[in-house]
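**Q** The sequence shown stops at residue 548 when you use this note's numbering, and every number in between is there. By construction, the Cβ of each residue, glycine as well, lies at the ideal position given by its N, Cα and C atoms. After the structure tokens below, expect a handful of questions from me.
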Amino acid sequence: MSFNKLASIIALCFYGCLYSMAQQALWSAADVVSPQVNPDNTVTFRLKAPKAVKVQLLGDFLPNRKIDTPMGTMEIPGIADLTEKDEGIWEFTTPEPLAPEFYCYSFVVDGLKINDPSNVHKLRDTGTVNDVFIIKGEGAGDLYSVNDVPHGTVSKVWYNSEKLGLQRRMSVYTPPGYENSSRRYPVLYLLHGMGGDENAWLEIGCASQILDNLIASGKVKPMIVVFPNGNAALESAPGAGSNGLIRPTTALPKTMTGEYEAAFPEIVNFIDKNYRTIKTKKSRAIAGLSMGGFHSLHISKYYPDMFDYIGLFSAAIKHYEKITHPVYDDVEGKLAIQMAKSPALYWIAIGKTDFLYTANVEFRKILDNNHYNYIYRESEGGHNWRNWRMYLSEFLPMLF
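Given below as structure tokens:
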């Protein structure tokens, strides 16, 4: 047999296997519809589990539960029981219509948390994978959806951090029309929370959809948005670096110890060098959620001539008291220098039941006692993405 004929046979076998696998995936698709958004915006969830004794639903649309943790009382998603129907299919329909919003959920089968096999739309938040769906409609539902508007571009880029000793990855959003123009743009640096990474705001935070929709509406100026990885000991999001498919965790070194904050100008310099930015303080903003709010607080005061707009979303505040690093030395003195330079916006937002609420109240007392200017936004709810997406959509129109 000639070499060419043998190669042809091998190729046919290879593509035949691929075709067979594709057909298997096609015909083995789940025959249960879940989630099903009903005409009145109630939602029905179904799971086929004929041998199960108890099936429950965890969802951020259910009444929250409170649990005590070493960090304080926290709210976690509510839970509801499903009812077994015919052929071992368990079912639950929300008792009330759901408001337009981006939602997360999962199932618990006899105590074991699992994802919905009928829903292919899933997102990772730290080490947890949740099923997701959107209720479209005026407000959040439309704002967090991909709509028929001009779209920006999201890139994954690498930079060299000499101070951290790593090649590191970050995500960068450039606004619609960036590639075909010569104009320069202001920049927002948007930071994630503990356990997150450079993907978090773009995936579960819906940041690119929010930006596209608000820019298209004329409510937000076109801008570049940078999503760095705040885990100073890592190159990138889990699975995207040279350390392979590692398990995501919050127990990472150098996340809130000063090294990341001190090295932050490397990120700004890289962006200014490689993108058409406006290289001035008045055209730079920094904001973040939870740990990212902590980072934003300390980066902005450590480099008071770098950012004119600062956003603290459910920010961690007091952790620095346990750490010795120049970034955290004389916090109130550095804050006084920053505020003397009159930042254009210092914006603080937190939920009424957030476990970090008291720490934020204490921080605001420092600001009030020194008559520093800031804007405070208090919302319902706790430490969750629903609040952080909302904060971002309110913060963006105030920039630049």
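Tell me the residue span of the beta strand (DSSP E) that contains residue 461.
**A** Where residue 461 is concerned, the enclosing beta strand (DSSP E) stretches over 457-461.
**Q** Could you name each continuous alpha helix (DSSP H) segment of 4 residues or more that falls completely within the segment 245-293, going from the start of the chain to the end?
**A** Within the segment 245-293, the complete alpha helix (DSSP H) runs of at least 4 residues are 288-291.
**Q** In whole angstroms, give me the CA-to-CA distance for residue 327 and residue 423.
**A** Residue 327 and residue 423: Cα-Cα distance of roughly 11 angstroms.
**Q** Short of 8 angstroms in beta carbon distance, which residues of its chain neighbour residue 458, apart from the five on each side in sequence? Order them along the chain.
**A** For residue 458, where only same-chain residues beyond five positions count, the Cβ hits under 8 angstroms are 433, 434, 435, 444, 445, 448, 491, 493, 494 and 495.
**Q** Bridge partners of residue 320, per DSSP?
**A** Answer by DSSP bridge pairing, in chain order: 303 and 374.
**Q** DSSP on residue 542, reduced to helix/strand/coil?
**A** Note: residue 542 maps to helix in three-state DSSP.
**Q** Pull up the distance between the alpha-carbon of residue 207 and that of residue 279, whole angstroms please.
**A** Between residue 207 and residue 279, the C-alpha separation is close to 9 angstroms.
**Q** Please name the residue, chosen from 205, 261, 540 and 367, that lies closest to residue 232 on a Cα-to-Cα basis.
**A** Taking only the C-alpha atoms, the option nearest residue 232 is 205.
**Q** Can you pull the DSSP bridge partners for residue 335?
**A** Residue 335 is bridged to 372 and 432.
**Q** Assuming contact is defined by CB atoms lying nearer than 7 angstroms, are residue 281 and residue 240 in contact in what I supplied?
**A** No.
**Q** Using a Cβ-Cβ cutoff of less than 8 angstroms, which residues in the same chain neighbour residue 362 once the five nearest sequence positions on both sides are dropped?
**A** Around residue 362: 291, 368, 541, 544 and 545.
**Q** Suppose you measure from the CA of residue 315 to the CA of residue 289; what does that come to, to the nearest Å?
**A** Distance between the alpha carbons of residue 315 and residue 289: 37 angstroms.
**Q** Determine the direct distance from the alpha carbon of residue 535 to that of residue 378, and round the result to whole angstroms.
**A** So the two alpha carbons sit approximately 20 angstroms from each other.
**Q** Just curious, the alpha helix (DSSP H) that residue 484 is in, first and last residue?
**A** Note, residue 484: alpha helix (DSSP H), 479-488.
**Q** Rounded to a whole number of angstroms, what is the C-alpha to C-alpha distance between residue 484 and residue 513?
**A** Those two C-alpha atoms are separated by around 14 angstroms.
**Q** I want to know whether the segment 302-319 touches the segment 248-263 - three or more CB-CB distances under 8 angstroms.
**A** Flag = no, the segment 302-319 and the segment 248-263 do not touch.
**Q** Residue 416 by DSSP, collapsed to three states: which one?
**A** Residue state, collapsed to three classes: helix.
**Q** Ends of the beta strand (DSSP E) at residue 449?
**A** Premise fails: residue 449 lies in the alpha helix (DSSP H), 439-450, not in any beta strand (DSSP E).
**Q** Please report the distance separating the alpha-carbon of residue 476 from that of residue 506.
**A** C-alpha separation (whole angstroms): 20 angstroms.
**Q** For residue 521, which of 488, 509, 527 and 502 has the nearest alpha-carbon?
**A** Checked all of 488, 509, 527 and 502; the closest Cα to residue 521 is 488.
**Q** With distances taken between CB atoms, is the gap from residue 322 to residue 394 smaller than 7 angstroms?
**A** No; because the gap between Cβ atoms is not below 7 angstroms, this pair is not in contact.
**Q** Is the Cβ-Cβ distance between residue 338 and residue 375 less than 7 angstroms?
**A** Yes, they are a contact pair.
**Q** DSSP three-state label for residue 522, please.
**A** Coil at residue 522, not helix or strand.
**Q** Just to confirm the assignment, what range does the beta strand (DSSP E) spanning residue 241 have?
**A** 237-241 is the extent of the beta strand (DSSP E) around residue 241.
**Q** Give me, in chain order, the residues of the same chain whose beta-carbon lies closer than 8 angstroms to that of residue 451; leave out the 5 immediate sequence neighbours on both sides.
**A** Closer than 8 angstroms at Cβ, skipping near neighbours: 412 and 413.
**Q** Residues in its own chain within less than 6 angstroms of residue 529 by CB, not counting five upstream and five downstream?
**A** Contacts found: 499 and 535.
**Q** Figure out for me which residue from 480, 497, 503 and 548 has the closest Cα to the Cα of residue 517.
**A** Ranking the options by Cα distance to residue 517, first place goes to 480.
**Q** Are the CB atoms of residue 299 and residue 360 within a distance shorter than 7 angstroms?
**A** Contact flag set, yes.
**Q** Determine the contact status of residue 461 and residue 408, defining contact as a CB-CB distance below 7 angstroms.
**A** No, these two residues do not count as a Cβ contact at 7 angstroms.
**Q** Check whether the Cβ atoms of residue 259 and residue 198 sit closer than 7 angstroms, and answer yes or no.
**A** Contact: no.
**Q** Which whole-angstrom value describes the C-beta separation of residue 189 and residue 245, a residue pair presumed to lie in contact below a C-beta threshold of 8 angstroms?
**A** Right, the Cβ-Cβ distance comes to about 4 angstroms (below 8 angstroms), so this counts as a contact.
**Q** Where do the ends of the beta strand (DSSP E) carrying residue 496 lie?
**A** Start and end: 493-499.
**Q** Would you kindly work out how many angstroms separate the C-alpha atoms of residue 358 and residue 286, rounded to a whole number?
**A** For residue 358 and residue 286, the distance between alpha carbons rounds to 13 angstroms.
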